[in-house]
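Worksheet: the structure to be examined is printed underneath.
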Amino acid sequence: VMVFVNKIARIVHNCADEWQGAANKNLGDSFLLTWLLPPMEHSEVVAEARRGLGQCWNI
């Protein structure tokens, strides 16, 4: 089981690194990933948040 979990962790970490994010924490059954966003206007922030939420559903 640990071999499988470590493979998934490697994929998650590599994807976060590829998209300039960081894998912050392993919560046991999930991973906490973070991204630093550049300063934006309010409408841009809302649009970016909606795109991000949509991508979470795709995963």
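Per our numbering, the very first residue in the sequence shown carries number 36; after that it's consecutive.
Where is the CB? At the ideal position from N, CA and C, for every residue including glycine.
Among residues of its own chain, excluding the 5 on either side of residue i, which ones have a beta-carbon nearer than 7 Å to its beta-carbon?
| i | result |
| --- | --- |
| L72 | E83 |
Note down, in chain order, each residue of its chain lying with its Cβ closer than 6 Å to the Cβ of residue i, except the 5 sequence neighbours on either side.
| i | result |
| --- | --- |
| W70 | G56 |
Cβ of residue i within 8 Å of Cβ of residue j?
| i | j | result |
| --- | --- | --- |
| N59 | A44 | no |
| A9 | L67 | With the chain running from 36 to 94 in the structure shown, residue 9 is simply not present. |
Pick from the options: whose alpha carbon is nearest that of residue i?
| i | options | result |
| --- | --- | --- |
| C91 | F39, M37, V47 | V47 |
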